[in-house]
Structures are given as C-alpha cells and as structure tokens.
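So the structure is just underneath, and the comments pick up after that.
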Amino acid sequence: MDPAAPRAPSLGGRRAFILPAASPPPMVEEESEAAAFRPLAVEATVLDYWQRTGVPARALIAPAEGPTFRFTEGPPTANGPPHLGHVITRILKDVQLRYRRQRGYRVVSLQAGWDCHGLGVEIEIEKRHGLRSRHDIEGYGVERFCAECRSDALRVAALWEAMSLRLGYWLDYGHPYRTMDAAYVESVWWSLRQLFDRGLLDKGHYVLPYCPRCETTLSSHEVAQGYREATDPSVTVVFPLEEDRRPTRSLLVWTTTPWTLPANLLVAVRSELPYVTVRLADGREVVVAEAARARFVPEDAPVVARELGRELVGRAYLPPFDLPGPTPGRRRVVADDFVTVDEGTGIVHVAPSFGPDDYRVGAREGVGVFDPLDSRGRFTEQVPLVAGRPFKAADPILEEDLARRGRLYRSGTVRHTYPFCWRCDSALLYRAMDSWFVRTSRVTDRLVRHNRSVTWIPAHLRDGRFGNFLTEAKDWALSRSRYWGTPLPIWLCPAGHATCVGSFAELAELTGTTVGPEFDPHRVTVDRLQVRCRVCGAPGRREPYTLDAWYDSGAAPFAQFHYPFEPGPFDPSAPLDYIAEGIDQTRGWYYTLLVLAATLFDRPAYRTCLTSGHVLDEGGRKMSKSRGAAPDPSRFLEEVGADPARWAFLSLDFTEGMRITPGEAAKAAHRTVGTLGHVVAFHLANAREDRLPPVAERPTPSGVLDRWLLSRLEGTRAAIERSLEGFDPREAAAAVRGFVDDLSTWYLRRSRPRFWGESGPEARAEAHASLSYTLTGFARAIAPLLPFVAEWTYQEVGERRFRDADASVHLAGWPSALADRDPELEQAMERLRGWVELGRALRQRAGVKSRIPLAELRLFGEAAAPSALGAEADRLLADELNVRAIVRAGPGAEAPDDAAWVVERRDGRPVAALPRTPTPELLEEGWSRELGRRLQQRRKELGLRYNEPVRVVVSATGPLLKALGARREALARQVVAEPLELTEEPLPEGPTVRAWEFEGVRCAAQVIPRAAAAAPDRP
RNA sequence: GGGCCCAUAGCUUAGUUUGGCUGGAGCACCCGGCUGAUAACCGGGAGGUCGUCGGUUCAAAUCCGACUGGGCCCA
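Each residue of the first sequence is one higher than the one before, starting from 4 at the first, in this note's numbering.
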C-alpha cells in the first residue's frame, strides 16, 4: 500500500448500506401514492440512490482549493458493538462535517478510524476460548491469540460501519486508520522516542491500580471509569502493644481490606493528635484517637490514659498475623500526616505493598514491602492460612482467625465506592509494581495553558470538569503486562541501559536484521529481537509490555497519516479544528490527545470540542452493558428511521443526560420531520396533478404569503448557518422546527385554495413557484441535519428522479442568501396571526362555528392600523375567520352595541368585535357547507378517489331543503355528484345512509359509488 | 471528603448569559371548532409554591448564599 498516493474515498466494501428489511419497496408504485410520506420508505429510496450512484464517495472527495478544516474521527474501541449512546456523537460529528463540506472546506481527514488494541479486545477472545489467566493465554499461544484479536477487531469495526452508514454518517470507511496497522504503530513508536529523549518517559516502581484478572496495571484514567458502589467488610482489629507499661493495652485499627492485614509492617498515628486509652467492661484497654472515641468505644468506658500521637511512636506491637515474612517479628508505631480521624480510629494499619501512602511511609521507615499475592491476586504459601485463595475471598477466613485469637474487636460491613476494572469488572487492588510512565505531572502547566485556548461546548467543561482534572494530572502509567497492543519499543541491556526505538529503520539497524513490508510490530515478532544498547552496545531484551491503548488513540491526529515517515496533510503546528465525543472522554481521548499534543508539539490538540452527555435509560440512569438496558442502535434506526433518530437527538439538549426511547423519539421527530415530509408530499401531488415544472430561480411573487414565506426561509437558512458556524447545532434545530411549523400550519393552510386553482391559474403558478423554490432551497439548508429527507425533497421537488450523483443535494453546496429578508413583513404577519387568534376566541364566545359565515370582523385602534401586508391582510383574516368583510374602525371609534356583538376590550378600549349571529342567508350557506363537508367525509370513508363520481340523494325539509335547492349545483360540483338528488321523502335506513342533525335541522343523505366504468376525470 | 452540571405543568421542555409585559410551547386530559398533505390543525379549559430557605433590588425563574434531590467525575 502506498498511503501517500491519492485515493478515492469509499464507504467500504461488502455491504455499504443496510436497507430496511421490513419496509415497502423503494420506489413508489404510482405517482398519486407519493402523497404519502413514510420515513422508512423514503430512506430506503435514498439509500438505494446513494449506493447506486456513489453519491457519498463523491461527496467525500476533498476539493483541491478551499480552506482546510481539521478533524479526526475519535476511533471507537473495536471490542464491542455500538450502543445507543454512540449514536448521538456520530450525529454531531456528521452534522458539522456535512456543513463544512457543503461550504467547500477541504476536510482533513474524513478517514474512519478503529481503536483495535487493548484489553477490551483481549477479553472478548479470552471469553470465547474460556481462557482465564495470562498463563492460559500463553498456553493457547500468543501468536494465535493476537491473530484472533486482530480479526475480531475487524469484525466489530464492520458492525460500527454498518450502523454509521445507516445513520448517514459519511466517512471514508474504505480507507480507515487502524491502531494495529504497522504504519500506525511506527508513528506511535516515533512519538514515544520523542518523549523518551525529552526525559518524559521512564520506568518507576509505584503503587498502581492492578486488575488481578487481566494481570496488569491500569492507568488512573482507566480506574476513573470503573468506580462503583460496593459492600466491603468493615473490621476493627486489636493490635496488642508489647512491653507496654499497661500490659493488656491494644491499639484499635480499622480497615475495609482485612486481606491486607497479613502484609502489615507498620502502624501509623498522627503526631499532634490526642489519643485516649479506655478500659472496656471486660478489663481490656484500647487506644483510639480522642476524636474517634465515640464511634468505637462505649460512652461509659472510663478513660485511663491520655497521650499525644508522638508519644506512641516507636512502641512495638504484635502484628495481626505472625508470618515468616521478609521482616518477621516486631512491628512498631510511626507517625505520618496522611492519618486522619474522619473514618477510622486515628491509628492506621500500613501495608507498604498495597497503598500509595503505605508505600511511601514504608520506604521512609526502611521496612521494605511484603506482597504475599501472586500475579492473579491469590495468596501464596507465604500466608498458609489462605494460600491459593483470591485476595477478597480471604477476608472471611482471616476475620474468623482473628476472632478465634481474640484479635477481632468489631466486625460489620460498609457500603462505599470502590474501583473495578472498567473492562472485566473485577475488583481492583492497589499494589506496588514496576511500570513505565509518561511524566505528565511535569507538564501540568502546559496542559492547563493549552486547554485554556479550547472552545468547549458546553463551556463549563474547560475550567470545570476537564480543567480540574488537568491540574491534578498524575504521571501516566503507560505499560501493560498484556499481549494485544502496541509493544513498548524499549530494550534493556544487562547493564540496565534503556534503548527506545523510534522507527522500523532504527530497529533494523540496532538488531542487524531487515524489516520488510511484511513486518508485524506485535509481541511475538518484536519479543524475539535483541536490540543493541545505544550506550554500551550490549544486546538487550525488550521490556515485556504493551501500551495503554489510550495512548494509541491519542496519537491518531498524526499517526493516521504515518507522520513523520510519509508526506501528508498533518501539520505539527495546527490543532484539529473540531472534535465531538461523549463526556466520558474527558478522562479518555480528550486527555490523551492533549497530553500528546502538548508534549510533542507544545500546542493544544483541538480548537473546538463539542461534548454530549450520556444517553440514559428509562430510569434516568447511565446506560451500561452491565445493567442490560442498552438498546441496539441498528434496531432503533430500523424502527424509527435515521432522520427521525437524528432529529430526536438534535432536539434534545444533548449536553445533558438524555433519556430516549424509540417511541418518544418517533413522536418527537414526527412533529418536524413528518410534517415537512407531508408538506413535500402535498406539493408533489399538486405539481404532478397540474404538471407544473420545478422552480429553481428565485421567484418574485407579489402576494404577501409568498413574500413572507421566502423571508422566513432566508431567516431560517441564516440561523442554521450561524448555528453551525458556531459548532453548536441546537439553534439550527430550533430554527428548522419553527420554520416547518410556519410552513405547514400557516403558509400551506392559507394557500390551499390557491393550490387548488380556486384563485385562478396565475395565483396557482405563483404559489407553486414559491413553494417549489422554498422546498429545494430548504432541502439544501437542512442537508447537514436531515440528510435523507433533504435528499428526497431535493430529488422529488426538483424532479431529479434519483438518477445520477451530480443531482444530489449533498453535492449542491451550501446555499448563499435564498431571498431577501423583510423583517417588517414578518412582524406584520406575526401580528396578523395574533388577530386571527383573537377572532377565533370571539367566535367561541359568540357560539358561532367557523363554518357559518359572519358578516364582518370589526377592528379598532392598533388592530385597525394599516398593516405592512396591505390589502391582503384583510383577505387572509377574512378567509381564515370565515367573515365576509374586515372593517377597520377609525381612530377613537366606539364598539357597537354589546347585545348584538361580542367585543374584545383591552384596558377598556375595544380591539375587535364580531356579530353574535349570522344573517339568514349566511346561515343557509353554512348549512350547505356543513352538508358538503359531511358528504366529503362519506366519500373519504368509502375510499373514493378525489374525482370519482357518485350518486347522492339528500333528504331534507323546510328551509333547509329550500337553501340546498338554491345551492344544488355548487354542492354537486363540490362532491362530484352525478346527479345530486334532493327529496322531501325520508330515506330508508341502510348501510349507505347517514342521518345528521345540525343547528336544529335534520338531514339525511345517501352516497352511492357509480360503476367502475364511469369517466375517470372530473367533468 | 472535593469538583462540575442539572432541578420550570403528569411527561418533554423555552425563557436564566444581559433581572422588567400575564413564565411560553409540545405530548397527554376535558370542551368546542376545522379538515380533499399530515400519527394533523385551530380556539378554549384545567394543570406551575419556576426544588427549599434566605439575601440583593422599585422589581428575581433569572443575580448572590445556604440547603435538598438527581446526574457525572475525582478521592
């Protein structure tokens, strides 16, 4: 492979897309069916189009010109399939990347990436073969084991890829970077050599978190991921003082880890703290810090002595277990400031091998360490009582032994947070171990300084959670005693000199071998090599460690390009412009990126960091595999669709914890995504019916509704642009929601007569042009957010027919101004809609349904003032409220007589007035409309096409009959009745007959579909 | 023990940066209307101690302090 050669992006091999299994066939059967919007069917059509024509690969090709936008995909750990919590960050990444691509940025890089190394992958393979220890793995064969790790990482990556594609997250999945690839490893080695040469990488012996199952140390940021509530023993033990002036006196010592007692080498007190000796009922005497007395001894037990901690120092005591350890015999009391009285007795048992403070104190006092556990955390023969038992399992046995010997003072349990292995869930222990460290504590100031220049979303993370963590940064324990990882490229010669190898060429040189293209830089291969010491020339052995996999991913921005071994777009001086991940990465990738950027390049790693909260389960708790309730995102996507899922997440405040279920997601999405889809479907039905061509040129309509729509469209486009320029899509989502609402519930509702041609062909053409232009423009502006619906709209409305890649909305670029804004017009429309609400409220108070026309709505004062909408304002208002006229009263005019009118007053002055009753003629028209509506309802129930003729018989009497007679022709036309018969005779009861009563008059009607042979078109 | 975030109607939430109209909206509920795109839509109703307490102010959901509850992180 020659990674420097230009290569076409691709979305991967086998199955680039997964088509929804149980959804309707992609293409609509006939044109009239397009009137329905079904998200899953639309997405199937769009996925098929993308796959057929290669749209995504085209969209991913970086333009030759154009500003650079730096991005790196945070590589998912390939040890398990994605869960719902991973969906949100992939949406957030995709939205921003689509936007930048549409704007013509050269995005560096759109490579997919997979974090292939590490314990997580190893554990999967161990489970598969029932391997329970490192010994088992070595028996199984390290080479075979690693080969399986490699193929499993690829298997899992494929699952992620499929989910991502279904979601519409476009990356170059065909050329991913993988942390296990030789080129990647070489870049990692290069970086380690840099750190080594700067003295930031060295070996130490420290107390570290250790997983007895994985048989390796962990880093503090790994431990941070595994704290959990747990129940542990809470025991108080007596340590008898030897040769004391009070012969029966004992020290009281409290611990939650009885298993560490065999390793006890010292006891620590605090010098300046007062201690008391009290006599118990049975005559024994115990020493305890005065401040802890109430918690440990009965209130009435008399105090027989008082002394300060320093007076106890140097006293000898009998250890809890008399073992032939490295320092048998006497133990003594020492003083140290780490002792507190917050929970214990103020007298602390010190086991130097099992605690950081213990280790420090033990080293100072020169007592060494005593670690009676093997690498799997089991007791060795050094403690015969519990030999062979896992450390925690020894607790009850040790406790029982103490009790038998009268050393147990009190026993119980305590609930507290305790660290567990974040990968395999075993209880961790702290123990003194050898490890290689990145000395991050020496560069804290750099980490803090560079972090200050990062734009965090949400902003509080900078100085809050993340900033705080940086100031406390501890040295990074980098090495793991494992198999499947980047081998630590450090060799020790017999004299103890360390040689760090920074490239394959150097490795060849120092080993005297050749490193060919087939070289696989993993344990089995590398462990065989002997490297000549750079200092003394003696052959050395490799330090048998692999790297913390978080180091691999932190190296991604440069290692993905095989920097510095190949030319590429990586610029050591340029941070990434944008990354987006979940909040858990503050201790993971965010941190390791920053550490490597600061130590290698002395700059921040990223300029903007968008962070999502956790996806929570229905109980509002963090989703986790262990709790079981982590929905499969692929199923979720099939259930609700990708765009609805995207919309559901984008509508939430994703910076906080998010509770989401498929049902709620679909509901949340329907309001906007569904409504938009139906508007498009409505438009298509009209356009096809009337054979109106799509409109791509900006129209210049005269009508206020159209001018208003275009102004709103541009406002929405600008809001999306502003929002995405600022990397935070929340404002964009709100703007889209508002626009779709206006489009559907005001523009379309008020424009319907025009679309039906009731206002003449010119008005229809104007409305069509406005809506056609608006929908295609809007499709381009929402393409980053809703790539499927945008594509479908763009194709369908623009009559592009899903034919070729050139026609894709995702190649159409970002729209510049779509129209001129007219804020005055938008405000006037806002006010007008206010008067509509007022008019409706008046109708309600008058008790006159909207169907029955009223003579006029009279407006006063401000409401009567001329509007920027001009004369059309009155028509909109009159139509919406079904009144014959809008009458604007002059200044200072009074409202008409209250008996015949309902009047809305504000501050005592009239605003609007409506007659209480219709005129007889208007009432009759209302009846006719009512009947028309009910007949239409019947037609709908019978499932008739809108133009299918029927025979209608209406039975009515008196004034109703007369009124209907006068309007018979219009009514017949309305309901496509051929003929419409009126009769005074009552109709017989039957399944085709419906009887109604409205406004005190009775009426019945029968609707009979005519033979199928009837004319297909409207007369 | 420490840090960060959150708390508004049964549920989801806008408003909090920069104090100021009667705290908006959606879902669900009740009443009514409308309906040849829509699981729609429109009007009205009911539902809020804006977590609690205190402070600042002419004025606090908004600013300050304490507390309670929840989430996440650290020890």
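All C-beta atoms, glycine included, are put in the ideal place defined by N, C-alpha and C.
Residue i, enclosing beta strand (DSSP E) - first and last residue
i: serine 714; result: Unbroken run through serine 714 is the alpha helix (DSSP H), 707-728; no beta strand (DSSP E).
i: leucine 1; result: The question about residue 1 has no answer here: the residues shown for the chain are numbered 4 through 1022.
i: proline 212; result: 204-214
i: isoleucine 64; result: Here isoleucine 64 belongs to no beta strand (DSSP E), and DSSP marks it neither H nor E.
i: leucine 255; result: 252-258
i: proline 913; result: 912-918
i: leucine 221; result: Run containing leucine 221: none; DSSP gives neither H nor E here.
i: glycine 543; result: 542-545
Spatial distance of residue i from residue j (CA atoms)
i: glutamine 1009; j: leucine 983; result: 10 Å
i: serine 811; j: leucine 100; result: 17 Å
i: proline 826; j: glutamate 799; result: 31 Å
i: tyrosine 421; j: serine 167; result: 35 Å
i: proline 43; j: phenylalanine 394; result: Note that residue 43 corresponds to leucine in the displayed sequence, not to proline. Their Cα atoms are separated by approximately 54 Å.
i: isoleucine 21; j: aspartate 155; result: Here the model assigns isoleucine 21 a pLDDT of 34, short of 50, so the residue's position is not dependable, and the following value carries that caveat. Cα to Cα, isoleucine 21 sits roughly 21 Å from aspartate 155.
i: valine 851; j: alanine 858; result: 12 Å
i: arginine 296; j: serine 253; result: 14 Å
i: cysteine 1006; j: glutamine 939; result: 15 Å
i: leucine 990; j: leucine 774; result: 46 Å
i: arginine 55; j: phenylalanine 791; result: 15 Å
i: arginine 196; j: threonine 549; result: 15 Å
i: threonine 611; j: valine 457; result: 6 Å
i: glutamate 46; j: tryptophan 838; result: 40 Å
i: proline 28; j: leucine 835; result: Per-residue confidence for proline 28 stands at a pLDDT of 38, beneath the threshold of 50, marking its modelled position as unreliable; the derived number appears in the next sentence. Roughly 44 Å between the two C-alpha positions.
i: valine 743; j: arginine 131; result: 51 Å
i: phenylalanine 604; j: isoleucine 582; result: 18 Å
Nearest neighbour of residue i, chosen from the options [CA to CA]
i: aspartate 551; options: Leu283, Gly69, Arg485; result: Arg485
i: tryptophan 479; options: Leu432, Asp731, Thr602, Arg674; result: Thr602
i: proline 572; options: Val386, His500, Phe564; result: Phe564
i: valine 307; options: Val281, Pro323, Phe299; result: Val281
i: tryptophan 163; options: Pro212, Thr263, Arg93, Leu432; result: Arg93
i: glycine 286; options: Arg720, Leu264, Thr251; result: Thr251
i: glutamine 533; options: Thr549, Leu495, Phe522; result: Leu495
i: arginine 531; options: Gln847, Arg545, Leu841; result: Arg545
i: tryptophan 262; options: Tyr172, Val389, Asp345, Ala366; result: Val389
i: alanine 161; options: Arg806, His178, Val145, Ala150; result: His178
Start and end residues, alpha helix (DSSP H) containing residue i
i: isoleucine 140; result: 137-143
i: proline 826; result: 826-849
i: serine 654; result: 645-654
i: leucine 321; result: Counting along the chain, leucine 321 falls outside any alpha helix (DSSP H), and DSSP gives it neither H nor E.
i: proline 790; result: 790-800
i: alanine 511; result: 507-514
i: arginine 887; result: Looking at the DSSP string, arginine 887 is not in any alpha helix (DSSP H); the run it does join, the beta strand (DSSP E), is 886-891.
i: threonine 458; result: No alpha helix (DSSP H) contains threonine 458, which is instead part of the beta strand (DSSP E) from 458-460.
Rounded distance between the beta-carbons of residue j and residue i, thought under 8 Å
i: threonine 595; j: tryptophan 553; result: 5 Å
i: proline 1023; j: histidine 89; result: The shown model of the chain, from 4 to 1022, leaves out residue 1023, and the question about it has no answer.
i: glutamate 936; j: valine 953; result: The question names glutamate, yet the displayed sequence has arginine at residue 936. In fact, because the Cβ distance is near 15 Å, the residues do not count as touching under 8 Å.
i: phenylalanine 1023; j: leucine 481; result: The structure shown does not extend to residue 1023, since the chain is modelled only from 4 through 1022, so no value can be given for it.
i: valine 270; j: histidine 352; result: 6 Å
i: alanine 782; j: leucine 170; result: Their Cβ separation, rounded to whole angstroms, is 19 Å, which puts alanine 782 and leucine 170 out of contact at 8 Å.
i: threonine 343; j: valine 291; result: Actually they do not touch by this definition, with Cβ atoms about 14 Å apart.
Any non-hydrogen atom of the ligand ZN closer than 7 Å to residue i Cβ
i: proline 70; result: With respect to the ligand ZN, the structure offers nothing, as it holds no ligand at all.
The stretch 885-895 in contact with the stretch 855-865 per 3-pair CB rule at 8 Å: Contact between the stretch 885-895 and the stretch 855-865 is present: three or more C-beta pairs spanning the two stretches fall below 8 Å.
Three CB pairs or more closer than 8 Å across the stretch 259-276 and the stretch 440-447: Of all C-beta pairs linking the stretch 259-276 to the stretch 440-447, fewer than three are shorter than 8 Å, placing the two stretches out of contact.
Cβ contact check for the stretch 176-193 and the stretch 555-563: 3 or more pairs under 8 Å: Yes, the stretch 176-193 touches the stretch 555-563.
Any 3 or more C-beta pairs closer than 8 Å across the stretch 378-393 and the stretch 453-462: No contact exists between the stretch 378-393 and the stretch 453-462.
Cβ contact (3+ pairs, closer than 8 Å) linking the stretch 897-910 and the stretch 831-845: The stretch 897-910 vs the stretch 831-845: in contact.
At least three beta-carbon pairs within less than 8 Å, the stretch 61-76 to the stretch 105-116: Enough Cβ pairs lie closer than 8 Å, so yes.
Meets three-Cβ-pair contact criterion under 8 Å: the stretch 729-743 and the stretch 706-721: Cβ pair count under 8 Å is three or more, so yes.
The stretch 203-214 / the stretch 354-364 touching (three or more Cβ pairs under 8 Å): Touching, per the Cβ criterion.
Inter-stretch contact (C-beta, 8 Å, three-pair minimum) for the stretch 428-439 and the stretch 469-476: With the cut-off at 8 Å, the stretch 428-439 and the stretch 469-476 do not touch.
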